[in-house]
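If you read the sequences in order, they're chains A and B.
Mapped onto numbering that gives the first Met the number 0, the consecutive letters of the first sequence carry residue numbers 0 to 280.
Mapped onto numbering that gives the first Met the number 0, the consecutive letters of the second sequence carry residue numbers 0 to 280.
Following: one structure in structure tokens, then a few remarks.
Number of protein chains: 2
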Amino acid sequence: MELYELLMRRRSVRNFKPDEVPEEVVAKLAAAANNAPTGGNMQPLSIIAVREPERRAKLGEMVGSQPWVKNAPLSLIFCLDFWRLKKWAELSGVSFRGNEALSHFLIGYADVMCAAQTVVILAESLGLGSVYVGTIQYVADEVREYFELPPYVFPAMLLSLGYPKTVPRNVPKLAVDVVLHRERYEALSDEEIRKAFDDKYGSLDENVEKYFERAFVEAVEADRQETPAWVEAYRDKMKELAIKNNAEFLFKLRYPSDRMVEFKAEEIETFKRAGFDCFGS
Amino acid sequence: MELYELLMRRRSVRNFKPDEVPEEVVAKLAAAANNAPTGGNMQPLSIIAVREPERRAKLGEMVGSQPWVKNAPLSLIFCLDFWRLKKWAELSGVSFRGNEALSHFLIGYADVMCAAQTVVILAESLGLGSVYVGTIQYVADEVREYFELPPYVFPAMLLSLGYPKTVPRNVPKLAVDVVLHRERYEALSDEEIRKAFDDKYGSLDENVEKYFERAFVEAVEADRQETPAWVEAYRDKMKELAIKNNAEFLFKLRYPSDRMVEFKAEEIETFKRAGFDCFGS
Chain A
0 MELYELLMRR
10 RSVRNFKPDE
20 VPEEVVAKLA
30 AAANNAPTGG
40 NMQPLSIIAV
50 REPERRAKLG
60 EMVGSQPWVK
70 NAPLSLIFCL
80 DFWRLKKWAE
90 LSGVSFRGNE
100 ALSHFLIGYA
110 DVMCAAQTVV
120 ILAESLGLGS
130 VYVGTIQYVA
140 DEVREYFELP
150 PYVFPAMLLS
160 LGYPKTVPRN
170 VPKLAVDVVL
180 HRERYEALSD
190 EEIRKAFDDK
200 YGSLDENVEK
210 YFERAFVEAV
220 EADRQETPAW
230 VEAYRDKMKE
240 LAIKNNAEFL
250 FKLRYPSDRM
260 VEFKAEEIET
270 FKRAGFDCFG
280 S
Chain B
0 MELYELLMRR
10 RSVRNFKPDE
20 VPEEVVAKLA
30 AAANNAPTGG
40 NMQPLSIIAV
50 REPERRAKLG
60 EMVGSQPWVK
70 NAPLSLIFCL
80 DFWRLKKWAE
90 LSGVSFRGNE
100 ALSHFLIGYA
110 DVMCAAQTVV
120 ILAESLGLGS
130 VYVGTIQYVA
140 DEVREYFELP
150 PYVFPAMLLS
160 LGYPKTVPRN
170 VPKLAVDVVL
180 HRERYEALSD
190 EEIRKAFDDK
200 YGSLDENVEK
210 YFERAFVEAV
220 EADRQETPAW
230 VEAYRDKMKE
240 LAIKNNAEFL
250 FKLRYPSDRM
260 VEFKAEEIET
270 FKRAGFDCFG
280 S
């Protein structure tokens, strides 16, 4: 299959067979990650491969009982690693203060994501499915302790992988024209924006259950596994909040905007405890 | 060729033939980017495709006279776009405040990089070369004005593409073992760190010119094009600062640590002017 078709077909997979990922596959994924583009060729990346069932279960618990994390035979923790660079600089008689510089953080984090997405695509071509779990950032303290991360190493992204048991059906997407602009930003009118998202999610006259299914594929996939408590809780909450469209679903229930903003100060503290003093002044 | 080999062979390309990138290729790249993984399927991505010679030249000037930007037939500006989501939320009677939330920024920026790296890999498989230009972040004000970005849209990454005229020889990399850890972070000793970077860059007894060539492939590639003034300036500066190892080269000359840290406040202001109040408290 051509790569283009593979990329267009790819969906995040949350339901895995128990089959192990062979060692030679892990080696290939890591080698490709290590060869991904990186600003100034600095390579501020460490990957922790988690395969032991007990440690997978523990990681799954930490990130909020997402059953796919413990069920996936392989989880890769992509860390932004300034510890190694700091040590090396010190040994070379120079100081590296990337952990205090927003620009270093932003380029390093981009490097980490380049490596992670390279793994996603290579894994797909080798018959594996994968799913990103970004919530690992919120539990960085626990992750740092359990996986013995030194200071200046931040667990930036979790990727859980395995051979797919089921692959979600098509996920709704904006039309390409909405995302691609020519020569300058082509701002949509209110009417065009409304239409772009209606085209993506379906219009308001569809029922809430159908919305839920289209918009919240994780819940459907979780249901296939063990229906964790939060799936029921979300369903109840949808009724309670009288969620009547997809924007409300996203920004009232799933990512409640005010709470996300309030959370900022706590998140900055989490980074500081990991030695990253790159936000704020 | 298998994808693995393609990924291992891939290098950033900075020297392009003048040949246009056909419209159907641009369409494929954009479609793959639009289908890349994105947290909560929120798709906070806009891509500006820049092909007009005058606009390419202007963009090249903005990011600091890197000749490959104006010479590349296609440049894609990957923007973190919260404007579209805010408008949609507003039209749906709910508020989206992602521009004030660090967590939204970090997931959205990760989304943007997933899309960008998907384009890098697909482009490579279609015979194109590409190079990331992260410095676009530092000139966000100019870019926002010239490319008419609305508020809440940040130019997060620039990718310049074209058919390669030359491809750099192998770039030195850390051994995979240094980057891949098993079950927990496996901290290297000082001696191991020294060896890891000596293995990467060559040891101290090599001459500075050779270092320079290994460590600073951009300069070599720029030389092949038009030797911009900064290549000479860097060479002079290396002598002046008596750079004697690669860590000094990186953290005294190329990314001077103290200056990078000082720059933080200014960078936070740049984000604020774009409507992103997600750092600091």
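Using N, Cα and C, we set each Cβ at its ideal position, and we do this for glycine too.
(message) Beta carbons nearer than 9 Å to chain B: which residues of the segment 220 to 247 of chain A have them?
(response) 243, 244, 245, 246, 247
(request) Could you tell me whether the segment 142 to 152 of chain B touches the segment 181 to 198 of chain A, using the rule of 3 or more Cβ pairs below 8 Å? (result) yes
(message) Residues of chain B with CB closer than 7 Å to the CB of residue 150/A, please, in chain order.
(response) Position 151 of the first sequence, counted from the start, is the residue given in the question as residue 150/A. In chain order: nothing, as chain B lies at least about 11 Å away.
(request) Scan the segment 93 to 114 of chain A for residues whose Cβ lies nearer than 8 Å to a Cβ of chain B and list them as they occur along the chain. (result) 93, 94, 95, 96, 97, 99, 100, 101, 102, 103, 105, 106, 108, 109, 112, 113
(request) Measuring only between beta-carbons, confirm whether residue 42/B sits less than 9 Å from chain A. (result) On the second sequence, position 43 is the one that residue 42/B refers to. Closer than 9 Å: yes.
(request) Report yes if the CB atom of residue 139/B is closer than 9 Å to the CB atom of residue 77/B, and no otherwise. (result) Residue numbering aside, residue 139/B sits at position 140 when the second sequence is read from its first letter. Residue numbering aside, residue 77/B sits at position 78 when the second sequence is read from its first letter. Contact flag unset, no.
(message) Quick check: what's the CA-CA separation for residue 265/B versus residue 175/A?
(response) Looking up residue 265/B in the second sequence gives position 266. Looking up residue 175/A in the first sequence gives position 176. Cα to Cα, residue 265/B sits roughly 34 Å from residue 175/A.
(request) Leaving aside the five residues before and after residue 104/B along the sequence, list all residues of the same chain whose C-beta is less than 6 Å from its C-beta, in chain order. (result) One-based indexing of the second sequence puts residue 104/B at position 105. 277.
(message) Am I right that residue 72/A and residue 18/A are in contact with their C-beta atoms under 8 Å? What's the rounded C-beta distance?
(response) Against the first sequence, residue 72/A aligns to sequence position 73. Against the first sequence, residue 18/A aligns to sequence position 19. Right, their Cβ atoms sit about 7 Å apart.
(message) For the segment 94 to 104 of chain A against the segment 45 to 64 of chain A, do three or more pairs of beta-carbon atoms, one drawn from each stretch, fall closer than 8 Å, so that the two count as touching?
(response) no
(request) Using the Cα positions of residue 85/B and residue 180/B, report the straight-line distance between them to the nearest angstrom. (result) Within the second sequence, numbered from 1, the residue matching residue 85/B stands at position 86. Within the second sequence, numbered from 1, the residue matching residue 180/B stands at position 181. Using only the alpha carbons, I get a separation of about 40 Å.
(message) Between 82/B, 1/B, 101/B, 30/B, which has its C-alpha nearest residue 268/A's C-alpha?
(response) As a working mapping, residue 268/A is identified with position 269 in the first sequence. Here the closest residue by C-alpha is 101/B.
(request) Run the CB neighbour count on residue 263/A, radius 10 Å, all protein chains shown included, and call it buried at 16 or more, exposed below. (result) The count along the first sequence starts at 1 and reaches residue 263/A at position 264. Buried: at least 16 other Cβ atoms inside 10 Å.
(request) Give, in chain order, every unbroken run of the beta strand (DSSP E) that is at least 3 residues long and sits entirely within the segment 117 to 164 of chain B. (result) 128 to 132, 152 to 161
(message) Can you find the residues in the same chain that come closer than 7 Å, C-beta to C-beta, to residue 169/B, ignoring five residues on each side of it along the sequence?
(response) Residue 169/B sits at position 170 when you count from the first residue of the second sequence. Correct list: empty, nothing qualifies.
(message) Just to confirm before moving on: does the CB-CB distance between residue 129/B and residue 158/B stay below 9 Å?
(response) In the second sequence, the residue the question calls residue 129/B occupies position 130. In the second sequence, the residue the question calls residue 158/B occupies position 159. In contact: residue 129/B and residue 158/B (Cβ atoms closer than 9 Å).
(request) Use the C-beta contact count for residue 274/A: other C-beta atoms within 10 angstroms, 16 or more gives buried, fewer gives exposed. (result) Your numbering for residue 274/A matches position 275 in the first sequence. Answer is buried; the Cβ neighbour count reaches 16.
(request) Have a look at 40/A, 2/A, 245/A and flag the residue whose alpha-carbon is nearest the alpha-carbon of residue 195/A. (result) Locating residue 195/A in the first sequence gives position 196, where the first residue counts as 1. When only C-alpha atoms are compared, the closest one is 245/A.
(request) Rank 255/B, 36/B, 188/B by C-alpha distance to the C-alpha of residue 109/B and give the top, closest one. (result) Sequence index remark: in the second sequence, residue 109/B carries index 110 (1-based). Per the Cα distances, 36/B.
(message) On the DSSP letters alone, give me the boundaries of the beta strand (DSSP E) that residue 181/A sits inside.
(response) Translated into the one-based positions of the first sequence, residue 181/A becomes position 182. Element bounds for residue 181/A: 179 to 181.
(request) Determine the closest residue to residue 156/A out of 137/A, 173/A, 39/A, with distance taken between C-alpha atoms. (result) For the purposes of this step, residue 156/A is taken as the residue at position 157 of the first sequence. With distances taken between Cα atoms, residue 156/A lies closest to 137/A.
(request) Check residue 289/A in the structure and name its three-state DSSP category. (result) Chain A is shown only over 0 to 280; residue 289/A falls outside these bounds and no answer can be derived.
(message) Checking 9 Å against the spacing of the C-beta atoms, do residue 270/B and residue 153/B come in under that value?
(response) On the second sequence, position 271 is the one that residue 270/B refers to. On the second sequence, position 154 is the one that residue 153/B refers to. Cβ distance < 9 Å, so residue 270/B and residue 153/B count as in contact.
(request) Please name the residue or residues paired with residue 80/A in a DSSP beta bridge. (result) On the first sequence, residue 80/A is found 81 positions in, with the first residue counted as 1. Beta-bridge pairing links residue 80/A to 152/A.
(request) With a threshold of 16 other CB atoms inside 10 Å of the CB of residue 0/A, please say whether the residue is buried or exposed. (result) Position 1 of the first sequence, counted from the first residue, corresponds to residue 0/A. Its Cβ having fewer than 16 others within 10 Å, residue 0/A is exposed.
(request) Using alpha carbons as the reference points, say which of 142/A, 121/A, 23/A lies closest to residue 62/A. (result) For the purposes of this step, residue 62/A is identified with residue 63 of the first sequence, where counting begins at 1. Of the listed residues, the one whose Cα sits closest to residue 62/A is 142/A.
(message) For residue 132/A and residue 68/A, which I take to be in contact (beta-carbon distance under 8 Å), what is that distance rounded to the nearest angstrom?
(response) For the purposes of this step, residue 132/A is identified with residue 133 of the first sequence, where counting begins at 1. For the purposes of this step, residue 68/A is identified with residue 69 of the first sequence, where counting begins at 1. That belief holds up - the Cβ atoms of residue 132/A and residue 68/A are roughly 6 Å apart, short of 8 Å.
(request) Apply the 10 Å Cβ neighbour rule to residue 238/B and answer buried if 16 or more other Cβ atoms are within range, or exposed otherwise. (result) Translated into positions along the second sequence, residue 238/B becomes position 239. When all chains shown are included, residue 238/B counts as exposed.
(request) Find the residues of chain A that neighbour residue 146/B, judging by a C-beta separation of less than 7 Å, and give them in chain order. (result) The residue given as residue 146/B occupies position 147 in the second sequence. Per Cβ cutoff of 7 Å: 183, 184.
(message) Please identify the residue among 11/A, 34/A, 9/A, 3/A whose C-alpha is closest to the C-alpha of residue 173/B.
(response) Residue mapping note: residue 173/B aligns to position 174 of the second sequence, counting from 1. Per the Cα distances, 34/A.
(request) State yes or no: is the beta carbon of residue 90/B nearer than 9 Å to at least one beta carbon in chain A? (result) Residue numbering aside, residue 90/B sits at position 91 when the second sequence is read from its first letter. True, the Cβ-Cβ gap to chain A drops below 9 Å.
(request) Give the straight-line distance between the Cα atoms of residue 48/B and residue 250/A, rounded to the nearest whole angstrom. (result) The residue given as residue 48/B occupies position 49 in the second sequence. The residue given as residue 250/A occupies position 251 in the first sequence. About 30 Å.
(message) Can you find the residues in the same chain that come closer than 7 Å, C-beta to C-beta, to residue 242/B, ignoring five residues on each side of it along the sequence?
(response) Working through the second sequence from its first residue, we reach residue 242/B at position 243. Closer than 7 Å at the Cβ level, and outside the excluded window around residue 242/B, lie 207, 248, 251, 252.
(message) Counting only C-beta atoms, is residue 82/B closer than 9 Å to chain A at any point?
(response) Translated into positions along the second sequence, residue 82/B becomes position 83. It does; some Cβ of chain A falls within 9 Å.
(request) Measure the Cβ-Cβ separation of residue 79/A and residue 44/A and say whether it is below 9 Å. (result) Here the question's residue 79/A lines up with position 80 in the first sequence. Here the question's residue 44/A lines up with position 45 in the first sequence. The answer is yes: Cβ separation under 9 Å.
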